[in-house]
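Counted from 1, the sequence shown has number 208 at position 221 by our numbering; the numbering is strictly sequential.
Ideal placement from N, C-alpha and C gives every residue a C-beta, glycine not left out.
Have a look at the structure below before the remarks.
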Amino acid sequence: MQLILNTYGAYLHRVDDVFEVKVGEEKKRISPKKVRSILVTTSVTFSSDAIELAVENNIDVVFMNTFGRAFARIWHGKLGSTARIRRVQLEKTLSSEGVEIGKNFILQKFSNQIKFLTDLRQRRTRDSSEITQAIETIKSSSDALTIVEGQVEEARGTIMGIEGSAAKVYWSVLSLLLPERFQFAGRSRNPAQDEFNCLLNYSYGVLYGIIERACVIAGIDPYVGFIHSDHYAKTSMVFDVIEGYRIYADETVFNLFSRKKVRQVLFDKLKNGFVLNKEGKVVLLSDFNEYLDTAILYNGRKIKRRDTVQFDLHKLANAWIA
């Protein structure tokens, strides 16, 4: 489970070999064996022995800001494998192999989007024509991306252009399928300009944390990317990898609207956008964690969706040093 601390003034400490969360006079004890990660979304207090218990049990503590971005994390800090994996990773950033690795995550995203829209088309027959047009555009983008070759610096602009064109069509058709009062005009970030993007940005923030953790456990350097440029203190590899798993957030957020769970009271309005409030985070994270913890058949194995990231990154790292 993911332990979510979203109540202002909550106190997390250690009692013997378990966590105890205290909110006012209310106390709750949780075994670390049941906790995969701790997500902090507001101002809380930690004891050092609670942090020690988390580290002892390989539990990472992720701190998220108002917009859903992880701004800090605490964990054991041990790299997951040999330095050989990271040396090979660095070498591949300078070769055409790096382009292929980065492309594959985007192609995975295109494939996921096509499947998602195809499923929606079966339920939204009234909008079948618009959905079909979007599917065909994304298929064309996938075909165009497949034939892109060259070194990373040469190919980056072309790849990002193809990806951007497909994204405009994808978001446009998803907006069309929402209730009219929640339709939106493209992607917006920090702050989001609408409710859909507000929920989506926060979901992506959760995914970034999952992927960074999976990178380190697999021995992959999260700061050395292929398609996304390397910048100081930026997890470029996480930005590359997340493309293949954004669908997890997309489906969760879209389904919140489909199930009529989204209400104005879940958001706080800023001068220039929206942020999720405490109630909104509870609604989103409850559904998102349930979605991520659902087992699916994946490459012949039944595993939780959240574990597919670790599965794929271990496979990638092993292939690099085979």
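Buried versus exposed call for residue i [16 or more other C-beta atoms within 10 Å across all chains shown]
i, result
"F171", "buried"
"G55", "buried"
"L81", "exposed"
"I146", "buried"
"K90", "buried"
"L40", "buried"
"A318", "Because the chain spans -12 through 309 in this model, residue 318 falls outside it and cannot be assessed."
"S24", "buried"
"M(-12)", "exposed"
"I125", "buried"
"K96", "buried"
"I207", "buried"
"N52", "exposed"
"V139", "buried"
"E238", "buried"
"L284", "exposed"
"R1", "buried"
"R108", "buried"
"A304", "buried"
"A142", "buried"
"S223", "buried"
"K247", "exposed"
"K328", "No statement about residue 328 is possible, as the shown extent of the chain runs from -12 to 309 and does not include it."
"K21", "exposed"
"K256", "exposed"
Bridge partner(s) assigned by DSSP for residue i
i, result
"G260", "L257"
"H0", "E7"
"R16", "E7"
"I25", "L(-10), V48"
"Y285", "R288"
"F241", "Beta-bridge pairing links F241 to no other residue."
"A59", "F50"
"F33", "L(-1)"
Distance between beta carbons of residue j and residue i, contact taken as under 8 Å
i, j, result
"E230", "I72", "The Cβ separation is near 21 Å, so there is no contact."
"I118", "V156", "Their Cβ separation, rounded to whole angstroms, is 11 Å, which puts I118 and V156 out of contact at 8 Å."
"L263", "Y189", "5 Å"
"V228", "I204", "Contact doesn't hold; Cβ gap of about 13 Å is too wide."
"K258", "T28", "The pair is not a contact, with the Cβ atoms about 22 Å apart (cut-off 8 Å)."
"F58", "A37", "Wrong, their Cβ atoms sit about 19 Å apart, outside the cutoff."
"S83", "E136", "6 Å"
"L187", "A236", "6 Å"
"L272", "R293", "With a Cβ gap of about 13 Å, L272 and R293 do not count as contacting."
"Y191", "R233", "7 Å"
"V193", "F275", "6 Å"
"V270", "F183", "Their Cβ separation, rounded to whole angstroms, is 14 Å, which puts V270 and F183 out of contact at 8 Å."
"R200", "D47", "6 Å"
"H63", "V31", "Contact flag wrong, Cβ pair sits at about 21 Å."
"T281", "K289", "Actually they are not in contact, since the Cβ atoms of T281 and K289 sit about 11 Å apart, beyond 8 Å."
Beta-carbon proximity check, residue i vs residue j, cutoff 8 Å
i, j, result
"W158", "G148", "no"
"F213", "V296", "no"
"L77", "V49", "no"
"S249", "L243", "Note that residue 249 corresponds to Val in the displayed sequence, not to Ser. Cβ distance < 8 Å, so V249 and L243 count as in contact."
"I122", "I101", "yes"
"P19", "N(-7)", "no"
"G287", "Q180", "no"
"K9", "Y(-2)", "yes"
"L300", "C202", "yes"
"S128", "A153", "yes"
Q: Report the residue ranges of all alpha helix (DSSP H) runs contained in full by the region 130 to 192; include only those spanning at least 4 residues, in chain order.
A: 139 to 163
(Q) Suppose only complete runs of 4+ residues qualify. What are the alpha helix (DSSP H) ranges in the region 72 to 128, listed by chain order? (A) 83 to 110
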